[in-house]
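K.L.:
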Amino acid sequence: MLKGKHLIEPGDLTIEELEAIFTLADAIIQDPKKYSDTCKGHLLATLFYEPSTRTRFSFEAAMLRLGGEIIGFSEPNSSSVSKGESIGDTIRTIGCYADIAVMRHPKEGAPKLASKHATIPVINAGDGGHQHPTQTLTDLLTIRSYRKSISNNVIGLCGDLKFGRTVHSLVKALSRYEHMKFVFIAPPELEIPPYIIEELGDHPYDRTSSLEDAMPELDILYMTRIQKERFFNEEDYLRLKGYYILDQKKLEHAKEDMIIMHPLPRVDEIHTEVDQDPRAIYFNQAKYGMYVRMALIVKLLGLGGDLHA
Amino acid sequence: MLKGKHLIEPGDLTIEELEAIFTLADAIIQDPKKYSDTCKGHLLATLFYEPSTRTRFSFEAAMLRLGGEIIGFSEPNSSSVSKGESIGDTIRTIGCYADIAVMRHPKEGAPKLASKHATIPVINAGDGGHQHPTQTLTDLLTIRSYRKSISNNVIGLCGDLKFGRTVHSLVKALSRYEHMKFVFIAPPELEIPPYIIEELGDHPYDRTSSLEDAMPELDILYMTRIQKERFFNEEDYLRLKGYYILDQKKLEHAKEDMIIMHPLPRVDEIHTEVDQDPRAIYFNQAKYGMYVRMALIVKLLGLGGDLHA
Amino acid sequence: MLKGKHLIEPGDLTIEELEAIFTLADAIIQDPKKYSDTCKGHLLATLFYEPSTRTRFSFEAAMLRLGGEIIGFSEPNSSSVSKGESIGDTIRTIGCYADIAVMRHPKEGAPKLASKHATIPVINAGDGGHQHPTQTLTDLLTIRSYRKSISNNVIGLCGDLKFGRTVHSLVKALSRYEHMKFVFIAPPELEIPPYIIEELGDHPYDRTSSLEDAMPELDILYMTRIQKERFFNEEDYLRLKGYYILDQKKLEHAKEDMIIMHPLPRVDEIHTEVDQDPRAIYFNQAKYGMYVRMALIVKLLGLGGDLHA
Numbered sequence: 014m015l016k017g018k019h020l021i022e023p024g025d026l027t028i029e030e031l032e033a034i035f036t037l038a039d040a041i042i043q044d045p046k047k048y049s050d051t052c053k054g055h056l057l058a059t060l061f062y063e064p065s066t067r068t069r070f071s072f073e074a075a076m077l078r079l080g081g082e083i084i085g086f087s088e089p090n091s092s093s094v095s096k097g098e099s100i101g102d103t104i105r106t107i108g109c110y111a112d113i114a115v116m117r118h119p120k121e122g123a124p125k126l127a128s129k130h131a132t133i134p135v136i137n138a139g140d141g142g143h144q145h146p147t148q149t150l151t152d153l154l155t156i157r158s159y160r161k162s163i164s165n166n167v168i169g170l171c172g173d174l175k176f177g178r179t180v181h182s183l184v185k186a187l188s189r190y191e192h193m194k195f196v197f198i199a200p201p202e203l204e205i206p207p208y209i210i211e212e213l214g215d216h217p218y219d220r221t222s223s224l225e226d227a228m229p230e231l232d233i234l235y236m237t238r239i240q241k242e243r244f245f246n247e248e249d250y251l252r253l254k255g256y257y258i259l260d261q262k263k264l265e266h267a268k269e270d271m272i273i274m275h276p277l278p279r280v281d282e283i284h285t286e287v288d289q290d291p292r293a294i295y296f297n298q299a300k301y302g303m304y305v306r307m308a309l310i311v312k313l314l315g316l317g318g319d320l321h322a
Numbered sequence: 014m015l016k017g018k019h020l021i022e023p024g025d026l027t028i029e030e031l032e033a034i035f036t037l038a039d040a041i042i043q044d045p046k047k048y049s050d051t052c053k054g055h056l057l058a059t060l061f062y063e064p065s066t067r068t069r070f071s072f073e074a075a076m077l078r079l080g081g082e083i084i085g086f087s088e089p090n091s092s093s094v095s096k097g098e099s100i101g102d103t104i105r106t107i108g109c110y111a112d113i114a115v116m117r118h119p120k121e122g123a124p125k126l127a128s129k130h131a132t133i134p135v136i137n138a139g140d141g142g143h144q145h146p147t148q149t150l151t152d153l154l155t156i157r158s159y160r161k162s163i164s165n166n167v168i169g170l171c172g173d174l175k176f177g178r179t180v181h182s183l184v185k186a187l188s189r190y191e192h193m194k195f196v197f198i199a200p201p202e203l204e205i206p207p208y209i210i211e212e213l214g215d216h217p218y219d220r221t222s223s224l225e226d227a228m229p230e231l232d233i234l235y236m237t238r239i240q241k242e243r244f245f246n247e248e249d250y251l252r253l254k255g256y257y258i259l260d261q262k263k264l265e266h267a268k269e270d271m272i273i274m275h276p277l278p279r280v281d282e283i284h285t286e287v288d289q290d291p292r293a294i295y296f297n298q299a300k301y302g303m304y305v306r307m308a309l310i311v312k313l314l315g316l317g318g319d320l321h322a
Numbered sequence: 014m015l016k017g018k019h020l021i022e023p024g025d026l027t028i029e030e031l032e033a034i035f036t037l038a039d040a041i042i043q044d045p046k047k048y049s050d051t052c053k054g055h056l057l058a059t060l061f062y063e064p065s066t067r068t069r070f071s072f073e074a075a076m077l078r079l080g081g082e083i084i085g086f087s088e089p090n091s092s093s094v095s096k097g098e099s100i101g102d103t104i105r106t107i108g109c110y111a112d113i114a115v116m117r118h119p120k121e122g123a124p125k126l127a128s129k130h131a132t133i134p135v136i137n138a139g140d141g142g143h144q145h146p147t148q149t150l151t152d153l154l155t156i157r158s159y160r161k162s163i164s165n166n167v168i169g170l171c172g173d174l175k176f177g178r179t180v181h182s183l184v185k186a187l188s189r190y191e192h193m194k195f196v197f198i199a200p201p202e203l204e205i206p207p208y209i210i211e212e213l214g215d216h217p218y219d220r221t222s223s224l225e226d227a228m229p230e231l232d233i234l235y236m237t238r239i240q241k242e243r244f245f246n247e248e249d250y251l252r253l254k255g256y257y258i259l260d261q262k263k264l265e266h267a268k269e270d271m272i273i274m275h276p277l278p279r280v281d282e283i284h285t286e287v288d289q290d291p292r293a294i295y296f297n298q299a300k301y302g303m304y305v306r307m308a309l310i311v312k313l314l315g316l317g318g319d320l321h322a
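In order, the protein sequences belong to chains A, B and C. Start counting the first sequence at 14; every next residue gets the next number (this note's numbering). Start counting the second sequence at 14; every next residue gets the next number (this note's numbering). Start counting the third sequence at 14; every next residue gets the next number (this note's numbering).
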């Protein structure tokens with residue numbers, strides 16, 4: 014049912030479609046060799062109009078581990094594709110060479126526009142501060158794998174909740190599941206915006222500026238970075254940032270089976286001493302990101318077939 | 014007979030060699046899967062001293078769809094190969110790693126020079142405004158596929174006929190075939206140069222500045238872009254450019270089975286409304302570009318063997 | 014025994030480990046097809062924080078000819094991996110996508126630091142002026158192949174012996190073998206430093222400023238470039254450089270079976286007339302560089318197995 018579809022924003026996928034992707038991702042994780050030729054003879058175009066090595070690597074590794082191949086560019090300079098050419102013409106031409114395309118673009122809406130003219134599936138790999146749906150898929154698969162289900166979790170989201178695209182998309186996505194509770198942990202300057210709160214529907218939520226207060230009830234702690242540029246003055250930044258740095262001391266009252274997530278890259282918002290804690294799963298999260306992209310590519314190419322309805 | 018040869022300019026290939034390449038391209042188009050491992054174990058080096066994403070993608074997709082692999086660079090900055098090194102040394106070193114090389118270079122003659130020192134076949138993918146032989150091969154295969162034969166066609170070439178490398182090469186190549194008629198459609202400032210006319214031999218030709226007048230007799234309309242920079246002043250450009258923009262109205266008196274070609278990228282010289290017209294085949298042309306490069310690579314590597322003499 | 018190890022500097026490998034790599038390289042040279050799927054399903058990450066097309070091509074060709082695949086970047090700009098992120102976090106994330114990594118970095122020690130946090134083998138492909146161990150492996154394999162053994166050779170090293178990283182590493186590596194004699198051929202300004210002389214142990218050595226005087230006794234002549242920037246003034250450079258340019262005349266008194274090596278790129282320190290001389294093996298040296306990297310990758314991935322103890 015996913016064959017030939019585009020993925021521009023997380024809401025493009027129904028809960029059932031998400032479940033089909035996650036089920037396939039599970040199967041790949043169980044037996045990656047079984048899928049090592051699934052995309053043989055297929056080409057992925059990675060069109061990065063803005064550099065993002067991490068995301069590009071994740072998609073390229075995904076395709077290559079499926080036996081597929083890659084053409085692409087990794088930054089605008091090296092691309093003459095778009096020289097005066099409309100994005101519609103570009104994607105139609107790419108469709109002559111490749112079977113599926115991933116697009117990262119500094120302009121909001123560029124991947125959406127491309128998908129309207131495309132003859133092949135287009136995956137949005139980030140358009141400005143707008144959408145980054147495969148990050149959300151990564152987060153959902155990680156939660157589903159470590160917490161057994163996406164439903165029935167208390168999730169704390171900590172850091173820059175005002176501007177953080179990743180957090181907004183994840184909150185929207187999680188609010189489609191049952192029995193969730195959200196705890197928004199941020200300084201007043203960086204609180205979660207009202208329009209995201211509205212997405213929660215009937216789900217209960219709390220707001221707090223104290224990571225330590227929130228800790229004991231959390232099943233999931235989702236850390237994000239607070240960027241210095243978000244503050245009016247440096248004193249505020251320096252005064253506040255310590256409150257939102259996760260270290261072993263702050264974890265003392267956390268649940269034993271809580272998981273600590275982070276979209277990476279991490280700068281200093283999680284102390285490296287936490288890396289050894291079994292609850293710290295953010296590097297594995299990156300690995301789940303590759304697996305979920307493998308499942309997504311297989312589904313959009315229609316190669317998952319009868320094996321994984 | 015093509016094994017180990019270089020392709021620096023279209024004239025390097027005899028009509029028979031061209032025919033062998035096109036016959037193989039046809040076979041690949043008919044059954045691409047049959048050729049999906051033909052180049053297994055072989056490496057193509059894409060040496061782009063000047064960025065050209067479209068051409069690079071076409072070559073890379075061609076090699077990957079044959080089961081081969083790619084090493085390469087896509088712009089001069091990322092290349093330290095040539096740091097003070099002669100192009101002869103560079104290509105000899107590349108020959109240690111790869112089995113065939115594609116070179117795009119801003120300097121006329123660079124691929125020719127490289128081929129003289131090379132131990133592997135070198136394909137010119139554009140050297141300055143000089144030659145771009147695989148574009149010509151693309152055009153010939155497209156004509157041959159849509160018009161059944163390259164011979165016996167009336168072709169109209171429209172746009173910048175003075176500076177357009179693509180047009181010059183195509184005219185030279187077509188004049189080697191029988192029963193051609195050429196119609197050169199351009200403003201006086203951008204007329205086809207006399208030395209190209211000389212290449213026509215006995216072939217009949219017309220010159221006109223009116224696309225609409227030329228239209229009714231054409232079997233093939235080859236559109237190219239008129240670059241603003243070619244005009245002495247902006248008024249001339251603005252006054253003239255409308256005459257050479259193809260839209261549905263101008264197509265009213267065209268033949269039913271005429272084909273509309275364009276080397277791409279298109280800017281505004283073909284209105285997007287034309288894209289839906291069945292005569293508009295310029296995006297398929299890009300696909301034929303990939304297929305003809307597949308056939309060329311197989312032939313130069315000597316892998317087409319007895320199957321396609 | 015090499016499985017999972019890192020290669021940061023040549024001394025990381027024992028003589029036995031080197032021998033195992035060279036033996037496998039020999040087997041690959043004898044029958045490359047046998048190894049064309051050895052790394053199938055494995056990914057190499059090429060992390061070039063500093064461009065080096067030649068070295069990157071050599072590693073990529075090596076991995077691709079083993080049936081493996083590549084993800085990577087070729088210059089710092091196109092990499093957002095390290096944006097504020099520690100090198101430890103970067104390599105841990107890369108380890109989620111790839112099975113082995115090659116790193117080139119302008120800062121000394123960066124690959125070493127990465128290896129400490131890595132979950133996959135890390136190969137140093139050059140860190141500043143510090144180490145470049147696979148160049149040394151290349152040189153050793155070349156000597157072993159052309160001279161039957163690494164031991165029992167008189168080697169002349171000519172050019173910039175003061176700053177040349179390649180020469181320093183090679184001298185250290187060769188001094189671990191038996192019955193070597195070293196002849197250091199350089200102008201006084203660019204003599205071999207005392208701390209390298211100390212590495213020689215009991216091996217005999219000579220110093221001379223005359224390439225012609227040294228020539229008759231050499232089994233191996235290792236040429237390197239003299240960079241203009243190394244001299245205080247241009248007159249000295251111009252006066253001296255001719256003494257260290259190898260041409261046919263200087264080769265008149267060389268042994269019949271002497272081999273001429275050069276790490277490439279060559280600028281003008283070897284006259285092109287020498288290229289035809291059967292003793293000139295510097296382009297083959299580049300090919301051996303690819304083969305030794307093939308063997309190294311197989312060994313570090315633990316895929317050489319029982320076949321090549």
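We put the CB at the ideal spot given by N, CA and C, even for glycine.
Give me, in chain order, the residues of the same chain whose beta-carbon lies closer than 6 Å to that of residue 199 of chain B; leave out the 5 immediate sequence neighbours on both sides.
P.N.:
The residue you call residue 199 of chain B lines up with position 186 of the second sequence. So the list reads 174, once near-sequence residues are dropped.
K.L.:
With DSSP as the reference, identify every bridge partner of residue 232 of chain C, one or two as the case may be.
P.N.:
Translated into positions along the third sequence, residue 232 of chain C becomes position 219. Paired residue(s): none; residue 232 of chain C is not in a bridge.
K.L.:
I need the DSSP call for residue 78 of chain A, collapsed to helix, strand or coil.
P.N.:
The residue given as residue 78 of chain A occupies position 65 in the first sequence. Of the three classes helix, strand and coil, the one that applies to residue 78 of chain A here is helix, per DSSP.
K.L.:
I'd like to know if residue 299 of chain A contacts chain C, where contact means its C-beta is closer than 8 Å to some C-beta of that chain.
P.N.:
To locate residue 299 of chain A, count along the first sequence from 1; it is residue 286. For residue 299 of chain A, the answer is yes, since a Cβ of chain C falls inside 8 Å of its Cβ.
K.L.:
Roughly how many angstroms lie between the CA atoms of residue 321 of chain B and residue 149 of chain C, to the nearest whole one?
P.N.:
Counted from its first residue, the second sequence places residue 321 of chain B at position 308. Counted from its first residue, the third sequence places residue 149 of chain C at position 136. The pLDDT assigned to residue 321 of chain B is 45, lower than 50, so where the model puts this residue is not dependable, and the model offers no usable value.
K.L.:
Return the residue from the list C:261, C:246, C:31, C:17 that minimises the CA-CA distance to residue 290 of chain C.
P.N.:
In the third sequence, the residue the question calls residue 290 of chain C occupies position 277. With distances taken between Cα atoms, residue 290 of chain C lies closest to C:261.
K.L.:
What residues from the stretch 102-120 of chain A come within 9 Å of chain B, judged by C-beta to C-beta, listed N to C?
P.N.:
Listed in sequence order: 102, 103, 105, 106, 107, 108, 109, 110, 111.
K.L.:
Using a beta-carbon distance cut-off of less than 7 Å, what residues from the stretch 55-75 of chain A approach chain B?
P.N.:
Taking 7 Å as the Cβ-Cβ cut-off against chain B, the residues of the stretch 55-75 of chain A that qualify are 56.
K.L.:
With a cut-off of 8 Å on the beta carbons, I'd call residue 83 of chain C and residue 60 of chain C a contact; round off their distance for me.
P.N.:
Counting from one through the third sequence, the residue named residue 83 of chain C turns up at place 70. Counting from one through the third sequence, the residue named residue 60 of chain C turns up at place 47. Not quite, the Cβ-Cβ distance comes to about 11 Å (not below 8 Å), so this is no contact.
K.L.:
Is it buried or exposed, residue 119 of chain C, if we count other Cβ atoms within 10 angstroms and call 16 or more buried?
P.N.:
Here residue 119 of chain C is taken as the residue at index 106 of the third sequence, counted from 1. Residue 119 of chain C should be labelled exposed.
K.L.:
Shorter than 8 Å from the beta carbon of residue 319 of chain B to some beta carbon of chain A?
P.N.:
Your numbering for residue 319 of chain B matches position 306 in the second sequence. Because residue 319 of chain B carries a pLDDT of 48, less than 50, the predicted location of this residue cannot be relied on, and the following value inherits that uncertainty. Closer than 8 Å: no.
K.L.:
Using a Cβ-Cβ cut-off of 8 Å (strictly less than) and excluding sequence neighbours within five positions of residue 214 of chain C, which residues of its own chain qualify?
P.N.:
Mapped onto the third sequence, residue 214 of chain C falls at position 201. The answer, listed in chain order, is 188.
K.L.:
Between the alpha carbons of residue 20 of chain C and residue 146 of chain C, how many angstroms are there, rounded?
P.N.:
Residue mapping note: residue 20 of chain C aligns to position 7 of the third sequence, counting from 1. Residue mapping note: residue 146 of chain C aligns to position 133 of the third sequence, counting from 1. One C-alpha to the other measures close to 7 Å.
K.L.:
Provide the residue(s) that pair with residue 194 of chain C in DSSP beta bridges, ordered along the chain.
P.N.:
Along the third sequence, one-based indexing puts residue 194 of chain C at 181. Its beta-bridge partners are C:167.
K.L.:
Would you tell me roughly how many angstroms separate the C-alpha atoms of residue 128 of chain B and residue 69 of chain B, rounded to the nearest one?
P.N.:
Taking the first residue of the second sequence as position 1, residue 128 of chain B is located at position 115. Taking the first residue of the second sequence as position 1, residue 69 of chain B is located at position 56. Computed Cα separation, rounded: 19 Å.
K.L.:
For a contact defined as C-beta to C-beta under 7 Å, what are the partners of residue 164 of chain B on chain A?
P.N.:
By one-based count along the second sequence, residue 164 of chain B stands at place 151. What residue 164 of chain B touches in chain A: nothing, since even the nearest Cβ is about 27 Å away.
K.L.:
Is residue 86 of chain A buried or exposed, if buried means 16 or more other CB atoms sit within 10 Å of its CB?
P.N.:
Here the question's residue 86 of chain A lines up with position 73 in the first sequence. The residue in question, residue 86 of chain A, is buried, as its Cβ has 16 or more Cβ neighbours within 10 Å.
K.L.:
Since residue 58 of chain A sits in a beta bridge, which residues does DSSP pair it with?
P.N.:
To locate residue 58 of chain A, count along the first sequence from 1; it is residue 45. Paired residues: A:84, A:114.
K.L.:
How big is the Cα-Cα spacing for residue 72 of chain B and residue 307 of chain B?
P.N.:
Within the second sequence, residue 72 of chain B is the residue found at index 59, counting from 1. Within the second sequence, residue 307 of chain B is the residue found at index 294, counting from 1. Between residue 72 of chain B and residue 307 of chain B, the C-alpha separation is close to 8 Å.
K.L.:
Quick one: what's residue 34 of chain B bridged to in DSSP?
P.N.:
To locate residue 34 of chain B, count along the second sequence from 1; it is residue 21. In DSSP, residue 34 of chain B forms no bridge with anything.
K.L.:
Determine the burial state of residue 165 of chain B: buried for a count of at least 16 other Cβ atoms within 10 Å of its Cβ, exposed for fewer.
P.N.:
Working through the second sequence from its first residue, we reach residue 165 of chain B at position 152. So residue 165 of chain B counts as exposed.
K.L.:
Report the neighbours of residue 97 of chain B on chain C: residues whose CB is nearer than 8 Å to its CB, in chain order.
P.N.:
For the purposes of this step, residue 97 of chain B is identified with residue 84 of the second sequence, where counting begins at 1. Ordered by position in chain C, the residues that pass the 8 Å Cβ test against residue 97 of chain B are 278, 280.
K.L.:
Among residues of its own chain, excluding the 5 on either side of residue 275 of chain B, which ones have a beta-carbon nearer than 8 Å to its beta-carbon?
P.N.:
What you label residue 275 of chain B is simply residue 262 of the second sequence in a count that begins at 1. Counting only Cβ-Cβ distances below 8 Å, and skipping sequence neighbours, we find 235, 236, 237, 282, 283, 295, 298.
K.L.:
With DSSP as the reference, please indicate the residues paired to residue 135 of chain A in a beta bridge.
P.N.:
For this step, residue 135 of chain A is matched to residue 122 along the first sequence. Answer is A:114.
K.L.:
Would residue 241 of chain A count as contacting chain C if we go by Cβ distances under 8 Å?
P.N.:
Numbered from 1 along the first sequence, position 228 holds the residue referred to as residue 241 of chain A. Output row for residue 241 of chain A: interface = no.
K.L.:
What are the boundary residues of the beta strand (DSSP E) that includes residue 221 of chain C?
P.N.:
Numbered from 1 along the third sequence, position 208 holds the residue referred to as residue 221 of chain C. Per DSSP, residue 221 of chain C belongs to the beta strand (DSSP E) from 218-221.
K.L.:
For residue 81 of chain C and residue 249 of chain B, I'd like the C-alpha separation in whole angstroms.
P.N.:
As a first step, residue 81 of chain C must be located in the third sequence, where it is residue number 68. As a first step, residue 249 of chain B must be located in the second sequence, where it is residue number 236. Rounded to whole angstroms, residue 81 of chain C to residue 249 of chain B spans 56 Å at the Cα level.
K.L.:
Looking at the secondary structure, which residues open and close the alpha helix (DSSP H) in which residue 210 of chain B lies?
P.N.:
Residue mapping note: residue 210 of chain B aligns to position 197 of the second sequence, counting from 1. Residues 207-210.
K.L.:
Specify, as a first and last residue, the run of the beta strand (DSSP E) that residue 14 of chain A falls within.
P.N.:
As a working note, residue 14 of chain A is residue 1 in the first sequence. That residue, residue 14 of chain A, is in no beta strand (DSSP E); it is neither H nor E in DSSP.
K.L.:
Can a CB atom of chain A be found closer than 8 Å to the CB of residue 133 of chain C?
P.N.:
Residue 133 of chain C sits at position 120 when you count from the first residue of the third sequence. No - not a single Cβ of chain A is within 8 Å of the one on residue 133 of chain C.
K.L.:
Give the secondary structure of residue 26 of chain B by DSSP, where H, G and I count as helix, E and B as strand, and everything else as coil.
P.N.:
On the second sequence, residue 26 of chain B is found 13 positions in, with the first residue counted as 1. In the structure shown, residue 26 of chain B sits in coil (DSSP, three-state: anything other than H, G, I, E or B).
K.L.:
Looking only at its chain, what residues have a beta carbon closer than 6 Å to the beta carbon of residue 265 of chain C, apart from the 5 residues adjacent to it on each side?
P.N.:
Mapped onto the third sequence, residue 265 of chain C falls at position 252. Counting only Cβ-Cβ distances below 6 Å, and skipping sequence neighbours, we find nothing.
K.L.:
Touch check for the stretch 94-114 of chain C and the stretch 38-56 of chain C: three-plus C-beta pairs under 8 Å?
P.N.:
Verdict: yes, contact present.
K.L.:
Kindly indicate which residue of C:193, C:142, C:259, C:240 has the alpha-carbon position closest to the one of residue 285 of chain C.
P.N.:
Residue 285 of chain C sits at position 272 when you count from the first residue of the third sequence. If we check each option's Cα against that of residue 285 of chain C, C:259 comes out closest.
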